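Engineer:
There are 2 protein chains.
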Amino acid sequence: MVLRYGHRFVRDARVSTHVCLVARAFGADGIVFDKRDEEVRKKIEEVNRNWGGRFWVDFVEDPLEYIKKFKERGFVVHLTMYGINVNDVIEKIKEDYRKKGNMLVIVGAEKVPWEIYEISDYNVAIGHQPHSEIAALAVFLDRFFEGKELRRKFPDARVEIIPSERGKKVRRLQ
Amino acid sequence: MVLRYGHRFVRDARVSTHVCLVARAFGADGIVFDKRDEEVRKKIEEVNRNWGGRFWVDFVEDPLEYIKKFKERGFVVHLTMYGINVNDVIEKIKEDYRKKGNMLVIVGAEKVPWEIYEISDYNVAIGHQPHSEIAALAVFLDRFFEGKELRRKFPDARVEIIPSERGKKVRRLQ
Numbered sequence: 632m633v634l635r636y637g638h639r640f641v642r643d644a645r646v647s648t649h650v651c652l653v654a655r656a657f658g659a660d661g662i663v664f665d666k667r668d669e670e671v672r673k674k675i676e677e678v679n680r681n682w683g684g685r686f687w688v689d690f691v692e693d694p695l696e697y698i699k700k701f702k703e704r705g706f707v708v709h710l711t712m713y714g715i716n717v718n719d720v721i722e723k724i725k726e727d728y729r730k731k732g733n734m735l736v737i738v739g740a741e742k743v744p745w746e747i748y749e750i751s752d753y754n755v756a757i758g759h760q761p762h763s764e765i766a767a768l769a770v771f772l773d774r775f776f777e778g779k780e781l782r783r784k785f786p787d788a789r790v791e792i793i794p795s796e797r798g799k800k801v802r803r804l805q
Numbered sequence: 632m633v634l635r636y637g638h639r640f641v642r643d644a645r646v647s648t649h650v651c652l653v654a655r656a657f658g659a660d661g662i663v664f665d666k667r668d669e670e671v672r673k674k675i676e677e678v679n680r681n682w683g684g685r686f687w688v689d690f691v692e693d694p695l696e697y698i699k700k701f702k703e704r705g706f707v708v709h710l711t712m713y714g715i716n717v718n719d720v721i722e723k724i725k726e727d728y729r730k731k732g733n734m735l736v737i738v739g740a741e742k743v744p745w746e747i748y749e750i751s752d753y754n755v756a757i758g759h760q761p762h763s764e765i766a767a768l769a770v771f772l773d774r775f776f777e778g779k780e781l782r783r784k785f786p787d788a789r790v791e792i793i794p795s796e797r798g799k800k801v802r803r804l805q
């Protein structure tokens, strides 16, 4: 599950939509925002309708409270360029997941309060250069699921792509 | 090298900036746009000044002509959800790179003309679900460089992060 921290309306709408789509496409089951943005949710519901699956978008008033509660039943990974290089920690995280089951991945917008660094079980860097929370989430999940997420079938899809060397092949399913 | 196809001013500025930053952080040497957007270039030059390296941003009038010329000295990968799953083709691409040396990765905005599908040596899908060109580029380069890109040192950096389990540690270098 993914927590998007520090979403700002309008300015962040497209970036947050990309974050949602990445979470969905790379194997997360849902995403929690700290602001109620119905535009973003509507877009994702439309994607679900066409492309299938039950990826959910939710909102919480108090993200820190939410994280604390989550920790009673799982562990927390915060993606930040200041953290430990993903290459050095991904195997440990996979092992933890096998033991604990539930994982919450936090992706922040520009400013993230120090409490998030403190409360997270892992602060993980997808490299230590400035880039993009969208990219960080995608690479983290791709490493975590070992590329298998890119073969997942989404139930109840209306359309499905037939991979092809050239051009666009789409199959209607309903 | 990366080609960003179909950039639209203002609407795409943030997404294109993320695309540039990802290209830089994940090991590309430069990026070519089909529109001259000095705002994007300025942002990347500022990142270079602080974080080092010589990542360049350039513009071409006619991207198709540019691709044709590029093919005389290398090969072209186009990232598209309609292509062959990256899991099935990445080893072949690495092999091609060892033979041919130069690789151009094309990331499109929403609409990409069919000529791009035709002219590319590989149409590669980072999964077949809708998500984000930022994520697609990051995962492709991460797979291509096998995670080694996330350890790269950038020459002439003013600052450098010291990976840490909690908090933010930055070293000033100049």
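Taken in order, these protein sequences are the chains called A and B.
Be aware that the first sequence starts at 632, since it is given in the numbering used here, and climbs by one per residue.
Be aware that the second sequence starts at 632, since it is given in the numbering used here, and climbs by one per residue.
By construction, the Cβ of each residue, glycine as well, lies at the ideal position given by its N, Cα and C atoms.
Computed from a prediction, not measured in an experiment: that's the story for all the values here.
1) 9 Å is my cut-off, CB to CB: does ILE765/B come that close to chain E?
2) Just to confirm, are VAL717/B and ILE747/B a CB contact at a threshold of 9 Å?
3) Between PRO794/B, VAL790/B, ASP787/B, which has its C-alpha nearest LEU781/B's C-alpha?
4) Going by CA-CA distance only, name the one from HIS709/A, ILE715/A, GLY705/A that's closest to ASN733/A.
5) Near LYS800/B, what residues of its chain come up, given a Cβ to Cβ distance below 6 Å and the 5 sequence neighbours on each side ignored?
6) Examine chain B for any beta-carbon lying closer than 9 Å to the beta-carbon of ALA659/A, and answer yes or no.
7) Can you pull the chain B neighbours of ASN754/A, defined as C-beta to C-beta under 7 Å?
8) Does the beta carbon of ARG645/A come closer than 9 Å to any beta carbon on chain B?
9) Please look up how many angstroms separate the CB atoms of ILE765/B and VAL671/B, rounded, as I've assumed it's under 8 Å.
10) Counting along the chain, where does the beta strand (DSSP E) carrying VAL720/B start and finish?
11) Given a limit of 9 Å on CB to CB distance, which residues of the stretch 727 to 749 of chain A reach chain B?
12) Would the stretch 768 to 776 of chain B and the stretch 664 to 682 of chain A be scored as touching if the rule is three or more Cβ pairs under 8 Å?
13) Could you check whether the stretch 650 to 666 of chain A touches the stretch 652 to 662 of chain B, counting it as contact only if at least three pairs of C-beta atoms, one from each stretch, sit closer than 8 Å?
14) Sort LEU735/A, ARG635/A, GLU749/A by Cα distance to GLY798/B and report the nearest one.
15) Determine the contact status of VAL688/B and TYR697/B, defining contact as a CB-CB distance below 9 Å.
16) According to the Cβ coordinates, are LEU652/A and PRO694/A closer than 9 Å?
17) For the putative contact between GLY637/A and GLY739/A, defined by C-beta atoms under 8 Å, what is the C-beta separation to the nearest angstrom?
18) Would ASN754/A be called buried (16 or more neighbouring beta carbons within 10 Å of its own) or exposed?
Structural biologist: Straight from the coordinates:
1) Here chain E cannot be found, since the structure's protein chains are A and B.
2) Mapped onto the second sequence, residue 717/B falls at position 86. Mapped onto the second sequence, residue 747/B falls at position 116. Taking 9 Å as the Cβ cut-off, VAL717/B and ILE747/B do not qualify as a contacting pair.
3) Along the second sequence, one-based indexing puts residue 781/B at 150. It is PRO794/B.
4) Residue 733/A sits at position 102 when you count from the first residue of the first sequence. Per the Cα distances, GLY705/A.
5) Position 169 of the second sequence, counted from the start, is the residue given in the question as residue 800/B. Closer than 6 Å at Cβ, skipping near neighbours: ILE793.
6) Residue numbering aside, residue 659/A sits at position 28 when the first sequence is read from its first letter. ALA659/A does not count as touching chain B.
7) Reading the first sequence from its first residue, position 123 is the one you call residue 754/A. Per Cβ cutoff of 7 Å: GLU796, ARG797.
8) The residue labelled residue 645/A in the question sits at position 14 within the first sequence. Taking Cβ atoms only, chain B reaches closer than 9 Å to ARG645/A, which makes this a yes.
9) For the purposes of this step, residue 765/B is taken as the residue at position 134 of the second sequence. For the purposes of this step, residue 671/B is taken as the residue at position 40 of the second sequence. Their Cβ separation, rounded to whole angstroms, is 13 Å, which puts ILE765/B and VAL671/B out of contact at 8 Å.
10) Mapped onto the second sequence, residue 720/B falls at position 89. No beta strand (DSSP E) holds VAL720/B; the alpha helix (DSSP H) holding it covers 717 to 731.
11) TRP745, TYR748, GLU749
12) no
13) no
14) Residue 798/B sits at position 167 when you count from the first residue of the second sequence. Comparing Cα-Cα distances from GLY798/B to each of LEU735/A, ARG635/A, GLU749/A, the minimum goes to GLU749/A.
15) Position 57 of the second sequence, counted from the start, is the residue given in the question as residue 688/B. Position 66 of the second sequence, counted from the start, is the residue given in the question as residue 697/B. No, the Cβ-Cβ distance between VAL688/B and TYR697/B is not below 9 Å.
16) In the first sequence, the residue the question calls residue 652/A occupies position 21. In the first sequence, the residue the question calls residue 694/A occupies position 63. Their beta carbons are not under 9 Å apart, which means LEU652/A does not touch PRO694/A by this criterion.
17) Along the first sequence, read from residue 1 onward, the residue named residue 637/A stands at position 6. Along the first sequence, read from residue 1 onward, the residue named residue 739/A stands at position 108. Going by Cβ atoms, the distance from GLY637/A to GLY739/A rounds to 5 Å, so yes, they are a contact pair.
18) The count along the first sequence starts at 1 and reaches residue 754/A at position 123. Answer is buried; the Cβ neighbour count reaches 16.
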